[in-house]
Amino acid sequence: MNFEIFLPVIVPIVMGLVVGIVKPSYENRNKVVIITTILNFFLVLYVVFFKDNSFYHMVKINEFLDLYLHPDSIGKIFAVLVSSLWILTTFYSIDYMGKSKNLNKFFMFFLITEGVTLGIAFSGNLITLYLFYELLTLSTFPLVIEKGSAKALNAGKKYLIYSFFGATMVLFGIILLYSQTQNLSFVPGGVVGSLVFGNKNLYLMVYILLFLGFGVKAALVPFHSWLPSAMVAPTPVSALLHAVAVVKSGIFALGRMTYYVLGWRVIEFTEGNKYTLILVLLTILMGSFLAIHQENLKRRLAYSTISQLGYIMLALVIFENSSYIGGMLHMLFHATVKITLFFCVGAIMHYEKKTELHEIAGIGKKMPKTMISFSVASICLIGIPPTNGFVSKWFLAIGGLDQGNYLIPIILLLSAFFTAAYLIPIISTAFFKGDPSKKIEISEPNNFMLIPIMILAAINLILGIFPNAIINTIQIAAKKLF
Amino acid sequence: MINYIPILNILILILFSFIIIIVKNNKKVKFISLASNIFVFFLSIILARKVLTQNIITLSLGDPNNLLGIEFLISKPEAVIGLIFTFVMVMILWYSNFYLEKEVSENRISFFYLLINILLASLLGVIYTNDLFNSYVFIEISTLSACGIIILKDKKENIKATIKYLIMSTIGSGLVLMAIAYIYSITGHLNISNIHEIIITNYQFHRNAVLIILGLFTVGLGIKSAVFPLHSWLPDAHSSAPTPASAVLSALVIKVYVFMLIKILFRMFSYEIVNSFIIMDIILLLGSMGMIFGSIMAIMQKELKRMVAYSSVAQMGYIVFGIGLGTISGTAIAIYHIIGHAVTKSSLFLISGLLIDKTGSKKIEDLKGIGKEMPFTLGLFTLGAFSMVGIPILPGFISKWYLSLTCIEVGRVPLILIILASSLLNVLYYFPIVINGYFGNDNLEGKIYKAKKIPFINLLPIILLVISMVVIGGMSYNLIGLFNI
Chain A
7 MNFEIFLPVI VPIVMGLVVG IVKPSYENRN KVVIITTILN FFLVLYVVFF
57 KDNSFYHMVK INEFLDLYLH PDSIGKIFAV LVSSLWILTT FYSIDYMGKS
107 KNLNKFFMFF LITEGVTLGI AFSGNLITLY LFYELLTLST FPLVIEKGSA
157 KALNAGKKYL IYSFFGATMV LFGIILLYSQ TQNLSFVPGG VVGSLVFGNK
207 NLYLMVYILL FLGFGVKAAL VPFHSWLPSA MVAPTPVSAL LHAVAVVKSG
257 IFALGRMTYY VLGWRVIEFT EGNKYTLILV LLTILMGSFL AIHQENLKRR
307 LAYSTISQLG YIMLALVIFE NSSYIGGMLH MLFHATVKIT LFFCVGAIMH
357 YEKKTELHEI AGIGKKMPKT MISFSVASIC LIGIPPTNGF VSKWFLAIGG
407 LDQGNYLIPI ILLLSAFFTA AYLIPIISTA FFKGDPSKKI EISEPNNFML
457 IPIMILAAIN LILGIFPNAI INTIQIAAKK LF
Chain B
16 MINYIPILNI LILILFSFII IIVKNNKKVK FISLASNIFV FFLSIILARK
66 VLTQNIITLS LGDPNNLLGI EFLISKPEAV IGLIFTFVMV MILWYSNFYL
116 EKEVSENRIS FFYLLINILL ASLLGVIYTN DLFNSYVFIE ISTLSACGII
166 ILKDKKENIK ATIKYLIMST IGSGLVLMAI AYIYSITGHL NISNIHEIII
216 TNYQFHRNAV LIILGLFTVG LGIKSAVFPL HSWLPDAHSS APTPASAVLS
266 ALVIKVYVFM LIKILFRMFS YEIVNSFIIM DIILLLGSMG MIFGSIMAIM
316 QKELKRMVAY SSVAQMGYIV FGIGLGTISG TAIAIYHIIG HAVTKSSLFL
366 ISGLLIDKTG SKKIEDLKGI GKEMPFTLGL FTLGAFSMVG IPILPGFISK
416 WYLSLTCIEV GRVPLILIIL ASSLLNVLYY FPIVINGYFG NDNLEGKIYK
466 AKKIPFINLL PIILLVISMV VIGGMSYNLI GLFNI
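Protein chains in written order, with my numbering: chain A, 7 to 488; chain B, 16 to 500.
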């Protein structure tokens with residue numbers, strides 16, 4: 007029995023249900039949520055270090071309905087990312103959400119979502135992943151519509167319809183695939199192998215269906231429009247949706263599908279990646295273009311996410327060792343960077359009630375630590391050396407060049423320029439605009455909010471300077487694939 | 016002794032229905048009815064256990080080769096369907112023991128139990144029987160008693176709905192009778208096994224007659240089981256009937272006729288014969304249309320029970336679709352969907368009854384915020400809705416999954432799109448109820464938490480139904496393996 011693998015998944019879900027049913031007081035609930043997320047982080051670490059190549063069958067009824075967990079190195083990296091960022095978000099949200107009503111319901115789904123996301127990280131086959139993927143939609147939906155206004159409900163419905171539409175396409179793909187392979191488990195290099203010969207069109211169809219289906223959650227253009235709408239959610243939720251929970255689960259599922267189920271050789275044989283590459287490049291450019299025009303800070307970051315997700319998806323359509331490493335690195339780095347940016351914007355929203363770009367003139371003087379953290383994260387995202395964004399983009403560009411595709415480095419550079427164009431104005435407005443003669447008192451956010459922000463900013467810097475440990479881990483995973 | 020259980024089941028139910036007439040006290044009536052049904056449920060368990068080890072039980076009363084010989088044939092599908100149906104019926108009766116007074120006047124309560132007993136007897140009769148005349152008799156009994164439980168409520172809409180149902184299903188019975196007459200004139204038998212032996216050798220000589228017979232059976236039984244374009248009686252009847260009656264009608268009654276159709280198509284004729292006629296394509300088309308249009312019409316409904324009733328039309332589409340694929344695996348999934356949907360839809364109807372009773376309104380509009388007042392009840396509804404939408408492991412997902420695989424098997428991949436479109440449409444009508452029930456400031460304003468809570472004991476039958484739904488989903492692989500006709 008490897009029940010320990012199941013613990014990180016089930017503990018938050020059970021604790022979430024406890025919070026939802028018992029309805030504890032404000033203080034008790036905070037204690038429960040903090041303890042659960044911290045405990046879960048250690049449970050994940052235990053799995054990461056002590057559970058190599060082990061399986062846990064949640065439900066095994068027959069060969070098809072075999073739901074099991076099987077953490078491998080990529081899954082473990084994702085799990086550590088999820089569980090560590092979840093702790094910081096917990097502290098942040100306790101301050102951000104304040105004492106508004108219905109918070110027990112909020113934290114119930116907050117915890118359940120963590121369990122479900124870890125379920126995605128540890129899934130051992132496509133059908134388990136699909137189950138958690140559907141559950142993720144259902145458990146994040148209440149978080150998105152937390153405000154309960156008509157606008158929030160509409161955004162939530164949009165999110166739900168997009169997600170189910172995507173999941174339906176995924177299901178179609180899975181059915182077609184299962185009818186051919188009778189096997190949906192994750193194996194490095196895929197389970198299809200030589201079956202593809204003579205069935206090229208069918209596998210092309212499977213690939214396109216799965217890519218578009220999982221792409222909905224990964225905000226692939228043209229299925230991206232739910233993401234800016236979902237900005238109606240409270241900021242910690244937006245931060246989580248963007249950084250780890252939803253969009254990264256989409257990316258993670260895409261990675262599983264590309265490298266562990268179909269196998270990149272099969273996809274290359276079907277030439278499906280030629281079509282998806284176009285969509286990915288479109289996603290990168292369109293996200294950056296649209297971000298520049300957003301006046302609302304959260305929406306600006308939302309479009310930026312769309313563009314950055316495009317970078318990560320590059321690794322899934324260009325089958326090169328270095329682009330794979332770059333993509334996985336960018337998945338991690340973007341998570342820490344984007345959550346920092348969102349936390350800073352959320353702090354401004356919460357304490358200053360300002361949401362638009364022109365309103366924040368001079369705010370850098372009022373909240374220097376927050377805005378400096380924001381600047382650090384921005385520089386990382388733009389990719390100025392020696393930050394982490396530079397490292398990941400470097401690998402991505404090398405991967406493109408390895409394939410002899412000169413378009414990719416050019417687009418990467420172009421998009422880096424755009425990234426600067428939509429982030430620098432925020433920094434310059436915050437620090438340099440406004441009336442210089444006006445005396446402004448420093449009023450930073452509460453420590454519950456400020457400390458997570460500063461920790462994250464520090465993590466961003468450290469990862470940029472010492473990325474080698476992570477690169478080595480990813481390289482080991484990549485070796486099995488290429 | 017065990018071999019006599021099929022006839023015992025039917026006789027016990029009918030016998031107790033006569034006792035119910037004599038008893039005046041409503042409480043005693045409820046007890047007698049529930050006790051007889053529980054007894055039949057246990058007998059069905061014994062029967063199912065026996066059949067699962069022994070494959071087939073036949074029980075002949077009189078010489079089966081003789082025209083008037085009655086024969087029961089219980090193979091695995093019959094045994095399992097009989098078991099699930101009696102289980103669902105016990106749960107519905109348990110529920111109606113505390114619920115029925117809310118909708119039906121005091122002096123008619125005993126009628127309900129009387130009719131329910133006769134109805135279940137006739138349904139079991141249709142399931143178990145192996146000869147056409149016998150099945151015709153049971154079909155007629157079931158139609159009349161079904162009419163009876165709709166009209167119990169004595170409102171204008173009920174009378175209208177019942178007359179509509181009565182007329183349409185009489186037409187259906189007429190067509191079935193005509194088909195039986197034709198088949199008798201060709202083969203000289205009424206026993207399904209005997210007919211099979213004869214028809215399989217000489218159907219080539221009677222191609223037109225066989226086509227007409229197939230058409231008559233399909234349309235006749237199709238009307239009774241509300242297959243898509245013939246469904247117009249169903250929403251009126253199922254939404255106006257008292258809630259336990261709606262649950263019985265939607266979960267059990269319409270399924271029996273479609274199961275009869277399965278027996279006629281594949282046991283009396285054979286896969287080979289029916290696949291050589293155009294009829295299977297038509298059945299497939301009807302199923303596909305039902306899946307899509309049933310859902311679309313459900314989306315447009317304003318009343319909760321009408322919506323759930325239209326959802327039944329869509330779900331019948333799945334069953335008919337499975338039949339229309341014309342393979343053993345397609346039929347097995349159709350039968351699986353019969354039992355999966357029986358437990359799901361009965362629980363959904365019973366919950367709808369509670370919601371309507373507590374809010375005092377039939378409208379979906381007025382259910383906003385109900386999740387705060389009745390969190391647990393709506394939670395059960397949500398689980399049922401998850402099955403309809405197709406969350407993995409629940410029966411709805413299993414049916415869709417295997418139906419899609421069968422589509423691939425027979426080389427009709429585009430049909431998967433219809434299955435998936437229909438499951439997306441299910442999201443559109445089930446989820447708004449759940450979402451508006453639990454979320455939204457406007458919806459929750461002024462609602463008091465657990466204000467309309469229902470005693471646990473009253474919820475227990477629904478909980479058991481929902482649990483059995485999950486179990487049926489979990490055991491799907493083994494169950495589908497049993498269902499080969």
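A virtual CB, placed ideally from N, CA and C, is assigned to each residue, including glycine.
Residue i versus residue j: straight-line alpha-carbon distance, rounded
{"i": "residue 476 of chain A", "j": "residue 398 of chain A", "result": "11 Å"}
{"i": "residue 455 of chain A", "j": "residue 447 of chain A", "result": "19 Å"}
{"i": "residue 208 of chain B", "j": "residue 149 of chain B", "result": "14 Å"}
{"i": "residue 62 of chain A", "j": "residue 37 of chain A", "result": "30 Å"}
{"i": "residue 235 of chain A", "j": "residue 165 of chain A", "result": "8 Å"}
{"i": "residue 230 of chain A", "j": "residue 157 of chain B", "result": "53 Å"}
{"i": "residue 220 of chain B", "j": "residue 230 of chain B", "result": "18 Å"}
{"i": "residue 431 of chain B", "j": "residue 241 of chain B", "result": "23 Å"}
{"i": "residue 413 of chain A", "j": "residue 244 of chain B", "result": "56 Å"}
{"i": "residue 81 of chain A", "j": "residue 460 of chain A", "result": "27 Å"}
{"i": "residue 468 of chain A", "j": "residue 344 of chain A", "result": "16 Å"}
{"i": "residue 207 of chain A", "j": "residue 275 of chain A", "result": "10 Å"}
{"i": "residue 250 of chain A", "j": "residue 301 of chain B", "result": "45 Å"}
{"i": "residue 467 of chain B", "j": "residue 133 of chain A", "result": "39 Å"}
{"i": "residue 125 of chain B", "j": "residue 171 of chain B", "result": "21 Å"}
{"i": "residue 224 of chain B", "j": "residue 196 of chain B", "result": "11 Å"}
{"i": "residue 379 of chain A", "j": "residue 239 of chain A", "result": "23 Å"}
Environment of residue i [buried if 16+ CB atoms lie within 10 Å]
{"i": "residue 364 of chain A", "result": "exposed"}
{"i": "residue 453 of chain B", "result": "buried"}
{"i": "residue 5 of chain A", "result": "Nothing can be reported for residue 5 of chain A: it is not among the residues displayed for chain A, which extend from 7 to 488."}
{"i": "residue 93 of chain B", "result": "buried"}
{"i": "residue 48 of chain A", "result": "exposed"}
{"i": "residue 116 of chain A", "result": "buried"}
{"i": "residue 203 of chain B", "result": "exposed"}
{"i": "residue 188 of chain A", "result": "exposed"}
{"i": "residue 216 of chain B", "result": "exposed"}
DSSP beta-bridge partners of residue i
{"i": "residue 318 of chain B", "result": "B:378"}
{"i": "residue 74 of chain A", "result": "A:63"}
{"i": "residue 169 of chain B", "result": "According to DSSP, which records beta bridges pairwise, residue 169 of chain B is partnered with nothing at all."}
{"i": "residue 362 of chain A", "result": "A:302"}
{"i": "residue 76 of chain B", "result": "B:85"}
{"i": "residue 143 of chain A", "result": "Per DSSP, none; premise fails for residue 143 of chain A."}
{"i": "residue 129 of chain A", "result": "A:75"}
{"i": "residue 146 of chain B", "result": "B:206"}
Proximity test, residue i beta-carbon vs the ligand NAD heavy atom, cut-off 7 Å
{"i": "residue 191 of chain A", "result": "As for the ligand NAD, it is missing from this structure, which has no ligand bound."}
Integer Cβ distance of residue i from residue j, believed to fall under 8 Å
{"i": "residue 233 of chain B", "j": "residue 342 of chain B", "result": "Between residue 342 of chain B and residue 233 of chain B the Cβ distance is about 18 Å, and since that is not below 8 Å, they are no contact."}
{"i": "residue 501 of chain B", "j": "residue 393 of chain B", "result": "As shown, chain B starts at 16 and ends at 500. That puts residue 501 of chain B outside it, with no answer to give."}
{"i": "residue 3 of chain B", "j": "residue 354 of chain B", "result": "A query on residue 3 of chain B cannot be resolved here, the shown segment of chain B reaching from 16 to 500 and no further."}
{"i": "residue 283 of chain B", "j": "residue 356 of chain B", "result": "Residue 283 of chain B to residue 356 of chain B, Cβ: 24 Å. No contact."}
{"i": "residue 95 of chain B", "j": "residue 497 of chain B", "result": "6 Å"}
{"i": "residue 348 of chain A", "j": "residue 84 of chain A", "result": "Not quite, the Cβ-Cβ distance comes to about 19 Å (not below 8 Å), so this is no contact."}
{"i": "residue 250 of chain B", "j": "residue 324 of chain B", "result": "5 Å"}
Proximal residues to residue i (C-beta, below 6 Å), its chain only, five neighbours per side dropped
{"i": "residue 297 of chain A", "result": "306, 309, 310, 428"}
{"i": "residue 356 of chain A", "result": "102"}
{"i": "residue 272 of chain B", "result": "236, 239, 240"}
{"i": "residue 458 of chain B", "result": "383, 384, 451"}
Same chain, Cβ closer than 7 Å to residue i, five either side skipped, listed in chain order
{"i": "residue 273 of chain A", "result": "213, 264, 279"}
{"i": "residue 45 of chain B", "result": "112, 128"}
{"i": "residue 72 of chain B", "result": "18, 65, 66, 89"}
Residues of its chain near residue i, where Cβ-Cβ distance is below 8 Å and the 5 sequence neighbours each way are ignored
{"i": "residue 189 of chain B", "result": "235"}
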